[in-house]
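If you're matching positions, the sequence shown starts at 4 in this note's numbering and goes up one per residue.
C-beta: ideal position from N, C-alpha, C; glycine also.
As the structure is a computational prediction, the values presented were derived from the model and not from experiment.
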Amino acid sequence: MANVSKNSRTASATQRFECVCGGEVKMKSVFSKGKLRFVAQCEKCNRQERRPSDFR
Ligand SMILES: [Zn+2]
Numbered sequence: 004m005a006n007v008s009k010n011s012r013t014a015s016a017t018q019r020f021e022c023v024c025g026g027e028v029k030m031k032s033v034f035s036k037g038k039l040r041f042v043a044q045c046e047k048c049n050r051q052e053r054r055p056s057d058f059r
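Right under this line is the structure:
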């Protein structure tokens with residue numbers, strides 16, 4: 004029972020999105036109009052979309 008592997012964590016939350024430019028899309032928290040919201044931004048071309056899936 005004490006023999007827990009370091010790699011036992013599941014990769015369930017690992018969702019990766021790619022921009023059309025080939026850059027990686029990351030979620031950013033943006034504070035706008037008094038509300039904290041998340042936007043998806045490409046690291047390469049700095050394109051911003053409301054959702055990571057909008058980059059397709
Ligand atoms: Zn891009």
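If you draw a straight line from the Cα of F34 to the Cα of V23, it comes to about 26 Å. Here the alpha carbons of P55 and K36 stand approximately 21 Å from one another. K29 is not a Cβ neighbour of Q51, given a cutoff of 8 Å. Excluding the 5 residues flanking it on each side, K31 has same chain C-beta neighbours closer than 6 Å at V42 and Q44, in chain order.
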